[in-house]
Structures are given as structure tokens and as C-alpha cells.
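Chains as they are written, first to last, in our numbering: chain A, 29 to 230; chain B, 29 to 230; chain C, 29 to 230; chain D, 29 to 230. For glycine and all other residues, C-beta sits at the position ideal for the given N, C-alpha and C. Let me begin by presenting the structure, written as C-alpha cells, before commenting on it.
Protein chains: 4
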Amino acid sequence: MNENKINQRRSDIIEAAIQVFSEKGYHATKISDIAELLKIGHGTFYRYFKSKFDIFNAIADDLILHVGQMVTTEAPTESNSLEDYRAQLNRIGKSLFDIFMTDIRIFRIAFYELLGVDATLNEKLENAIKLFDLYTEQYLINGVNKCFLRPDLDTEVIAKAVNGMIFVSCKAVLDAEDKDAAYQRWMNSVSLLMLDGMALRA
Amino acid sequence: MNENKINQRRSDIIEAAIQVFSEKGYHATKISDIAELLKIGHGTFYRYFKSKFDIFNAIADDLILHVGQMVTTEAPTESNSLEDYRAQLNRIGKSLFDIFMTDIRIFRIAFYELLGVDATLNEKLENAIKLFDLYTEQYLINGVNKCFLRPDLDTEVIAKAVNGMIFVSCKAVLDAEDKDAAYQRWMNSVSLLMLDGMALRA
Amino acid sequence: MNENKINQRRSDIIEAAIQVFSEKGYHATKISDIAELLKIGHGTFYRYFKSKFDIFNAIADDLILHVGQMVTTEAPTESNSLEDYRAQLNRIGKSLFDIFMTDIRIFRIAFYELLGVDATLNEKLENAIKLFDLYTEQYLINGVNKCFLRPDLDTEVIAKAVNGMIFVSCKAVLDAEDKDAAYQRWMNSVSLLMLDGMALRA
Amino acid sequence: MNENKINQRRSDIIEAAIQVFSEKGYHATKISDIAELLKIGHGTFYRYFKSKFDIFNAIADDLILHVGQMVTTEAPTESNSLEDYRAQLNRIGKSLFDIFMTDIRIFRIAFYELLGVDATLNEKLENAIKLFDLYTEQYLINGVNKCFLRPDLDTEVIAKAVNGMIFVSCKAVLDAEDKDAAYQRWMNSVSLLMLDGMALRA
DNA sequence: GATGAATGAGCATTCATTCAT
DNA sequence: CATGAATGAATGCTCATTCAT
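Have a look at this one:
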């Protein structure tokens, strides 16, 4: 069997596994569920993955890889003005939404399942989040350096808070019926919160 | 055995269950783990709770109840100026931290375990969050009405975004060594983000 | 449940396990076979033994213990003449036959199953045999010292050869219909071989 | 593919199987282990042997055949004196050692694996041993008839006892570092035991 | 009420064997 | 003929739950 077919089958199994994991959760998912979905023998699963945990790990790694790639695409020091920054924020938000919107099920796994399955996975997710936090902080530091963000920002803490908002946004947009409209609403509000605050200014 | 003793034992079991669930997670927790911790027979467990799921549900209900109570303590319409509002924000934040700081294990369960165990529980948590979002929105609406918050706020979306930040904050503070210091840093940054934004103003 | 009942049940399971192992062999024995024989749930088995290997090990240890006890009962330096020695040989042979005759199935396990299941078990059996060889050698050395056995005996090798004969004898006697008669025949021949040899002397 | 090639491949597979069976034991040996050793597809195995059991049987048959051939090479009635007999004993012992020394792995299979795999195989081995016992008995009877062995020998029993010693010897020699030296020691002791006995004679 | 012995449904995983290519 | 992907029967083991004592 050629390389392509093997990879195809592997992908099919991952695809089916994502489906079942996102529907039933890790623990309630039986290998036979995944196999049945593909109409293959459940022994076949084990030709492609070592164990149930193995495939879950593979899915998690994929997810984390995607997020990592996304985050590194934009250079943190690129923007030189508040306007640049707003635009950049928009691009980042868009990419993140795109990643998850491609497959809502992945997001569901990331948030409903990744934690609590296994200490290793917890750590993996924590590290991914930490990485994401660091990148966000770079943007903030850049803004402070370029003098378009407040000089007294607690960048470490604010980076995490901002990312918290972003994750909530992702979830909300993905749960919305009209995702484009939701995306606009959230983007506007998040960017308002981040840059301008809610207080009415004279 | 009188009513009191029964309730005492029930509480003991819940206490032990919280301990074990937060350490091992729902699926890895065995009823016998809980029983052993209390030095009772594991058959006894079933005289107080119908099933493993039953007690987990009870814990979740408790948690959600606490959050609900906290939220309703403050009247959303109380503050009349930005200063009042800042103060109120601080009180709300404090209460929330207090709930979770009383028992970090509860928080761990809420975030690491509640999701993914069962669809019913997911829904319950979603509802609690929705409730919390609604309350937060009331504060925003009050601020808009009283003219100390921007009139064009998308209160529904912003409420959710703000709550997202708050949850991230709770996690961060609880994970910190010096929780009081962390609380101050986070409270300052979150309230800055909420009210003033990061942009440097001329 | 009191200690006695627990031990009783444990013994019952061992008894049933010996039965099934000796009939079907280790690998072909299913835990459920053992459980069915006792009309107990197969989960019950695991209350008394950690695993299939665990109980097999327990049986092996028992067997080895018995042999060890038997061997140490007779003092190797007791006999002072060829006549004493013949008598002692008879006693030793008798004990060994007794051990195995109590339960032919144990013997079958020792010879048909103990080897090849697991390296640890192989080693255990080898050690038991080595021990037995050493004891036998003590008897030979005593005989040489007391001058009723040839001074040029290669005691190490001969001890092993003698024990080889003894094991073959055990097997033969146990397989015989009339075990008492068979015992007599074998005992006579083995002791003749050991002490006098087959050659006709002038 | 011509007959020769087919037989060659069959032999190769048997050779590899002996290797793996003797290393891992029957049950722990996977068909794919054998195939991998030969760098052939494991499906190919089934073109030459019906099943895992089939090849094991073939190996066992081979082994038994070899022993049979060896035993029949020497005519039991050849020796006419004790001296002849001693010499013949040496030749027989030598051939037996040779068979097994050619391939220690075969011996390991014979002793560690043949028993306990399957009732049919057990019976086969028993028959081979029985055959060997019968031949040995012929030598004894010849010795009695030719009056160089005691007239009162229980030839049936003694044949078996002697063979027991011989098997133990084989094992010991094969396990020894210096096999030639070991062979000498064992041969001397066994032949002493057989013909002369251990007792010191005046 | 308390206990913990008994239970068996349930599931991950292995591997001999088949058969389409 | 050779291959190795696919298969699924088979089994050890866990643990929530029951119930006799």
C-alpha cells in the first residue's frame, strides 16, 4: 500500500476520532465507535495508532501546532502606531477564529476534553497557552515601546487577560448562528475593551 | 441516626469527594478512593448518594449555587458614578476570588472536570455562566443608563468578554504563590482594561 | 468476612486453578474457567489474586516450598554406613513421592507448565532444582567422608544425575496404575543403579 | 518457482522459527517475528505452513525423527562384553550430545516448549521418549543375555531411569561453558553410576 | 445503618489468519 | 507467488453497584 493511502487512512481515522471525541468526550469514546464510523474493523485502528491515548495526543499536538503557527506568523514588532495595532489585532483574531472555525469540533476537544484526560496533556495545553501569552505580551511591549500603549501596563498580566477574552470570543463566535456577524460584534467589542475601555470620556 | 448526623456524613463524603475529584479527576476517581479517605466502607457511600455521577452533580450544583449567591449579593443598579462602579467591580472581584480561594479544589473541578464528563453537566455550567453573564450585563446597562459608560457598548458581548477575563484572573491568582499580591495586580489590570483601555491618551 | 473464610476462598481458588492449569496449561487457561469451576463471578478472582500470573506464581511458590521443606527434613550427615544410607535414600524417595502423589496435578504443573511461562518462573524452578542438587551432593560427600562411597566420586555431577533419575522416577510412579508396586520397583532399581551399578560382578 | 526453491524457503522458515521459538517460547512468538527475521511478508508464512501450530509440529517431528535415527544407528545386540558396552554407551551418548549441541535451540524447545503447548504434542513427545526407552531397554536386555549385566535387572524401569540421567546430562553439558570438559565429566559419572555404582567396594 | 464480598458489564488491546492486489 | 492491510475473535482486568450479613 502506498504512502498516500496510508496517510489517507490515518487522516480518516483522525477525522473520525475528532468527530467521536467531540461528541462523546474522551472517556466515553470507544475505539469501536471510531472504527464503526469508518466501517472498518476495530483492529485496523491499531495499525495506525498505538492506543486510544496515542490518537488523542496526535489530535492535541495538531491543534497546538496550528495555534503555534498562527501566532508566529505575525511579527510582534511590526506595528508602529495605534492604527497599525488595531489592524494587526484584527488579523490575529481572524486567524484564530479561522483555525477553530475550520473545525468547531477541534475547539470543543481543546476546551472540553484536553484538560483532565492526562497530566501530560494538561501540561501540553498549559505550555501552548503560556506560549500564546508570551507572544501577546510581545505585542504589548512593542506598543509600549512605540509609545502608543500606556507606559504603565502590567504587560504580563494584561497579556493573559486579553487572551482570556480572546478564547471566550472564539467560543462565542463558534456557538453563534451567524458566525460572520458574531465575529464582527466580538472583534469590535474586544478591541474596544482592549484599547479604549468602557468608560465614557468627556 | 438523627438528621444532623446524616447531613454531617453527607457533607463529609462531599468534602472527601471534592478532594479526590480535584486530585485525580472524575474518571480516575474510584468510589473506593473516596470511602478510603473517610475510612468508611465503600458500600456506605451508596447510602448517601445514588451513584458516582450523583455526587459529582451535587458538587457541581453547590458550586453553581455559590456563584449564583455571590452574584446576586450586589445590586446591579447600585452604582451611580464611575467611582462607585470601580469600587463595586472590586467588591465583585473580591467575592469571586474568595469563593474559589476558599477551596481551590472546587475551582479545579469547575475548570478541569465539569466539562466533558456529561452533557447535562455541560449544560448546567453553561447556564451558570449565562446567568453570570446576564448579571454582568446588568451592571453594564446600569453604567450606560447612568451615563458613566459609553452609550454604544454592545453590553451582551462585552459582559461575556469581561467575564472571560475574570475567569482567567481567578485561575491566575489561584495559581500564584502570593495570592494577595497577584490579586492586586490582576484587579488593577482588569479594571484598567475594562474601564480605560490600553491606548495611551494624549 | 472473617480471616478463615477469606483463606478458605483463597484456597478454593488455588485448588480450582491447579485443576484447570494442569488440565489446559497456563496459556489456555482463562480466568473465567477457574471462576466457572467455582461458580463464582470472575471479578471475584481478582479480589484474591492480582492477576493470572500472580496465582500461578503462588502455586509455584507453594510447590517449591514443599520440596524445600522435604529436602531439609533429613540431615545429610546422619548415615554412617552403606546400610544407613540405603535406608535414608528410601526415606527421601518416599517423601518426594508423597509430595507429588498428594497431587499429581501439581507435578504436572511443575513439569509441563512451570517452564516456559515466564523467565522469573524458570529461574525459580532452576533455583529449586539447584537447591535440591546441593542437598543431594551433601549426602554424597557425607558418604565419601564416611568411606562407604567411592573416594573419587564427582559429587557435583553425580548429584545432578541422581536427581534426574529421581524426577523420572516420580513421573513414572505417578503415571502408574498401581503406585505402590511401581514405587517399589523404581526404588529398588534406582538404589541399585546408584549404589551397585548394573555390571555383573564375579 | 521450482521444487528446490520451495523447499529452501520452507527450511529457512523452519530455521527462523526455531530461532524465535527457542528465544521467546511458543506462546510469545508471533508469526510476524518469524517473518521479520527472514525479511519476508508474514502472509508468505502461510504459503508454507498452515498455521503457527503447524510449523511447531513440524519442528517437533523433525526433532523426534533425529532422535529416532540416532537411536537406531547402533544395533542393541552389538556388544558382547562389558568393554564393548562401555564403548557403545560412549558412542550413544556422543551422538545424543551431538544432535543437541548442533542446535541448542532445538533442545531448549524440546524441554521448555514442547510440553504444555498442546496435548497432541505432549503425546508425541511421550511416544518419542517411550521409543527411546524401548531401545535403551534392548541394550540392557542384550547385556543381561550376554551375561555382562546383572541377571536380575528390572530392565524396563532401569532403562527409563538411565534415560532420565541422560537427559539431565544433555541439559547440563549444553548449559556448561566448556562443553567438551563437561561432556567428559558427565559421561564418566553417568557410566560409573550405570555400571559400577557409587558404593565403595572392598 | 454500615459493611465489604461478590458481581459482571464493559473495553482496550493483541495477533493469527485471510485475501485482494 | 508474495505481500501486508484488514479483520475480529478472544481475553485479562477494572470498578460501579448491589445486597446479605
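Check                                                                                                                                                                                                  : Outcome
For leucine 177 (chain A), list the residues DSSP reports as bridge partners.                                                                                                                          : B:Ala227
Less than 7 Å between CB atoms is the rule here; does isoleucine 186 (chain C) satisfy it with respect to chain D?                                                                                     : yes
Taking just the CA atoms, how far does aspartate 126 (chain C) sit from alanine 44 (chain D)?                                                                                                          : 43 Å
Just reading off the alpha helix (DSSP H) that alanine 63 (chain B) is part of, what are its end residues?                                                                                             : 59-66
Unbroken alpha helix (DSSP H) runs of length 4 or more, entirely within the segment 89-170 of chain A: which are they?                                                                                 : 110-130, 132-136
Does phenylalanine 125 (chain B) have its Cβ less than 7 Å from a Cβ in chain A?                                                                                                                       : no
To the nearest angstrom, how far is it from the Cα of aspartate 146 (chain A) to the Cα of serine 197 (chain B)?                                                                                       : 24 Å
If you follow the alpha helix (DSSP H) that glycine 71 (chain A) is in, where does it begin and where does it stop?                                                                                    : 70-76
Measuring only between beta-carbons, confirm whether valine 218 (chain C) sits less than 7 Å from chain D.                                                                                             : yes
Give every residue of the same chain whose Cβ lies closer than 7 Å to the Cβ of leucine 168 (chain D), excluding the five residues on either side of it in the sequence, and list them in chain order. : Leu177, Leu181, Thr183, Ile186, Ala187
List, in order along the chain, the chain B residues whose C-beta lies closer than 7 Å to that of alanine 200 (chain A)?                                                                               : Lys188
Which chain C residues are close to methionine 193 (chain D), counting only those with a beta carbon under 7 Å from its beta carbon?                                                                   : Ala189, Gly192, Met193
Does DSSP put alanine 187 (chain B) in a helix, a strand or coil?                                                                                                                                      : helix
Applying the criterion that 16 or more other CB atoms from any shown protein chain within 10 Å of the CB defines a buried residue, is glycine 171 (chain D) buried or exposed?                         : buried
According to DSSP, is aspartate 40 (chain C) part of a helix, a strand, or is it coil?                                                                                                                 : helix
Less than 7 Å between CB atoms is the rule here; does alanine 227 (chain B) satisfy it with respect to chain A?                                                                                        : yes
For the segment 156-182 of chain D, enumerate the residues whose C-beta is nearer than 8 Å to any C-beta of chain C, in chain order.                                                                   : Leu168, Gly171, Cys175, Phe176, Leu177, Arg178, Pro179, Leu181, Asp182
Mind pulling the chain D residues with CB within less than 7 Å of aspartate 224 (chain C)?                                                                                                             : Gly225, Ala227
Specify whether the segment 120-137 of chain C and the segment 190-207 of chain C touch according to this definition: at least 3 beta carbon pairs, one from each stretch, less than 8 Å apart.        : yes
Given tyrosine 54 (chain D), which residues of its chain have a CB within under 7 Å of its CB, disregarding the five upstream and five downstream residues?                                            : Phe84, Glu141, Val145
Among the candidates B:Asp40, B:Ile34, B:Asp112, whose CA atom is the shortest distance from the CA of alanine 227 (chain A)?                                                                          : B:Asp112
Quick one: measure Cβ to Cβ for isoleucine 41 (chain C) and isoleucine 62 (chain C), integer angstroms, because I've assumed they're closer than 8 Å.                                                  : 7 Å
Taking a Cβ distance cut-off of 8 Å, strictly less, list which residues of the segment 101-117 of chain C are near chain D, in chain order.                                                            : Leu110
So what's aspartate 208 (chain B) in DSSP terms, helix, strand or just coil?                                                                                                                           : helix
Quick one: Cα of methionine 98 (chain A) to Cα of arginine 37 (chain A), how far?                                                                                                                      : 27 Å
Assuming isoleucine 137 (chain C) and isoleucine 46 (chain C) are in contact, meaning their beta carbons sit under 8 Å apart, how far apart are those beta carbons, in whole angstroms?                : 7 Å
Measuring CB to CB, does leucine 117 (chain D) end up less than 7 Å from serine 219 (chain D)?                                                                                                         : yes
Report all residues from its chain with a CB closer than 7 Å to the CB of leucine 65 (chain A); omit the five preceding and five following residues, and keep chain order.                             : Ala44, Gln47, Val48
Hey, out of A:Glu31, A:Ser39, A:Leu93, whose CA is closest to leucine 159 (chain A)'s CA?                                                                                                              : A:Leu93
Who are the near neighbours of lysine 80 (chain B) in its chain, counting only those whose CB is closer than 7 Å to its CB and skipping five residues on each side?                                    : Ile59
Which of the three DSSP states is assigned to serine 217 (chain C) in this structure?                                                                                                                  : helix
What's the C-alpha gap between threonine 148 (chain A) and phenylalanine 77 (chain B)?                                                                                                                 : 32 Å
Three-state secondary structure (DSSP) at glycine 53 (chain B)?                                                                                                                                        : coil
Compute the minimum distance between the beta carbon of asparagine 32 (chain D) and the heavy atoms of the ligand NAD, and state whether it is under 6 Å.                                              : No copy of the ligand NAD occurs in the structure displayed, which carries no ligand at all.
Between the Cα of phenylalanine 135 (chain A) and those of A:Ala103, A:Ser50, A:Leu223, spot the shortest distance and give me the residue it belongs to.                                              : A:Ser50
Would you say leucine 91 (chain D) lies against chain C (beta-carbon separation less than 7 Å)?                                                                                                        : no
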